[in-house]
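Presented below is the structure to which this report refers.
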Amino acid sequence: MRFVRTVIDSTVSLLGRAFRHHRLIPDRTIADGRVCINLGCGLTVAPGWINVDASLNALFGGSPAVLLKLLYRLSGANRYYTCDDYCRLLRQNRFVFHDLARNVPFPDQSVDVVYSSHFLEHLFRKDAIHLLRESKRVLKPGGMIRIAVPDLAHALGLYATGQKTTMLSNYFFVDDLESTLARHKYMYDFEMLQRVLELAGFTNVTRCDFNRGRTPNIDILDNRPEDTLFVEAEKPSGTV
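Just so we're aligned: the sequence shown equals residues 32 to 271 in the working numbering.
Here it is, written out as C-alpha cells:
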C-alpha cells in the first residue's frame, strides 16, 4: 500500500508541475453573484463554490461514476465517506486540479471570497505566505479571506494537561504517514496567523468563532470546532 501511495504522490506532483501555468476565468458561482473559491478543499465543499485541490479526487471530479468507484478504493476518503457520498460530491460540485504551493489559478482581481480550511499547515511557512499573497492577488479590492487551521494554542494545552501523545500524533504528525502530502509543515496560533496574513498584505485580521463570520456557507464549510482557529481578513480597497 505504501508503494501505491508513493506512486500516487509522485504522479500528483508531476501533474501539478504540468498544470502550474493554467488560469481559469471564473463566472459567478453562488446565488448572490459572488465568485467564491475553496483552496485545498479536500471533499469539504459547498454548492456553487470553485473547489481547488492537488488531489486525485479533484483531478477526476465530474468523472463517470464507474471511474470514481474505482478511485474510491485508492482514496483516503474511503475512511470518512461512503462510496455513494464520495461519487455524489465529486459529480455534483466543481473541482479544479491545481498545486496551490505554486500559485492560485485565477486572474488578478477576479474573486470575491477565498476560503481555506486545514490546508495552510500543510505548507512550509514561506510557501504559506506565497499562497496568501496569491490569494490577495486574485481577490477584488475589499474582498475577503477566511482561513481555518489547527490551533497551536489548543495543541499546547493538550501537552500542558499530559496528553502528549495525542498532541504529537494529531498536530505534529510524528508517526510515519503513508502520504507525505498529509504531513503538517507549520503550525499557528492567532498571533502567528495574523502575522503571515499581514505580511501577505491583508488587513482587519479578526479571530472568529465556529460558524460565525462574513464568509458565505460557513455553516457547511467550517468543521472541527473544538481544535480549530478561524480567522477572517480583508484585501484593502484600492489595492491590486
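A virtual CB, placed ideally from N, CA and C, is assigned to each residue, including glycine.
As the structure is a prediction and not an experimental result, all values here were calculated from the model.
Taking all protein chains shown into account, do 16 or more other C-beta atoms lie within 10 angstroms of the C-beta of Ile68, making it buried, or fewer, making it exposed?
Buried, since its Cβ has 16 or more Cβ neighbours within 10 Å.
According to DSSP, is Met218 helix, strand or coil?
Met218: coil per DSSP, three-state reduction.
How far does the alpha helix (DSSP H) with Asn88 in it extend, from its first residue to its last?
Segment 87-90, the alpha helix (DSSP H) holding Asn88.
So is Pro267 buried or exposed if we call it buried at 16+ other beta carbons inside 10 Å?
Exposed, since its Cβ has fewer than 16 Cβ neighbours within 10 Å.
Exposed or buried, which one is Lys157 when buried takes at least 16 other CB atoms within 10 Å?
Label assigned to Lys157: exposed.
Could you tell me which residues DSSP pairs with Ser141 in its beta bridges?
DSSP lists no partner for Ser141.
Please look up how many angstroms separate the CB atoms of Phe241 and Asp253, rounded, as I've assumed it's under 8 Å.
Right, the Cβ-Cβ distance comes to about 5 Å (below 8 Å), so this counts as a contact.
Quick test of the definition: if touching needs 3 or more C-beta pairs under 8 Å, does the segment 105-124 touch the segment 137-147?
The answer is no - the segment 137-147 does not touch the segment 105-124, with fewer than three Cβ pairs under 8 Å.
Suppose you measure from the CA of Phe261 to the CA of Asn235; what does that come to, to the nearest Å?
Their backbone Cα atoms lie some 14 Å apart in a straight line.
Considering just the uninterrupted stretch of the alpha helix (DSSP H) at Ile61, what are its terminal residues?
From DSSP, Ile61 is part of no alpha helix (DSSP H); its letter is neither H nor E.
Under a Cβ-count criterion, where at least 16 other Cβ atoms within 10 Å of its own Cβ denotes burial, should Val84 be classed as buried or exposed?
With the sequence shown as reference, residue 84 is identified as Asp, and Val is not the correct amino acid for it. By the neighbour-count rule (16 or more Cβ atoms within 10 Å), Asp84 is buried.
Rounded to whole angstroms, what's the CA-CA distance from Phe91 to Gly193? Just pull it up for me.
The alpha-carbon atoms of Phe91 and Gly193 are separated by roughly 43 Å.
Would you call the CB atoms of Ile160 and Ala231 closer than 8 Å?
Yes; because the gap between Cβ atoms is below 8 Å, this pair is in contact.
Let's see if you can read the secondary structure: which residues bound the beta strand (DSSP E) around Val1?
Only positions 32 to 271 of the chain appear in this structure, which leaves residue 1 out of reach.
Does the separation of the CB atoms of Ile176 and Glu263 fall below 8 Å?
Yes. Within cutoff.
In this structure, does DSSP put Thr113 in helix, strand or coil?
Coil at Thr113, not helix or strand.
Per the DSSP calculation, Cys239 is bridged to which residue(s)?
Cys239 is bridged to Phe261.
In angstroms, rounded to a whole number, what distance separates the CA positions of Val76 and Arg245?
Looking at the two C-alpha atoms, the distance is approximately 17 Å.
If you reduce the DSSP assignment to three classes, tell me which class Lys171 lands in.
Three-state result, Lys171: strand.
Taking the alpha carbon of Lys100 as the point to measure from, which residue in Arg119, Phe221, Phe155 has its own alpha carbon closest?
Ranking the options by Cα distance to Lys100, first place goes to Arg119.
Tell me the DSSP bridge mates of Leu70?
Answer by DSSP bridge pairing, in chain order: Val83.
Nearest-angstrom Cα distance between Thr196 and Gly188?
Taking the straight line from one Cα to the other gives about 13 Å.
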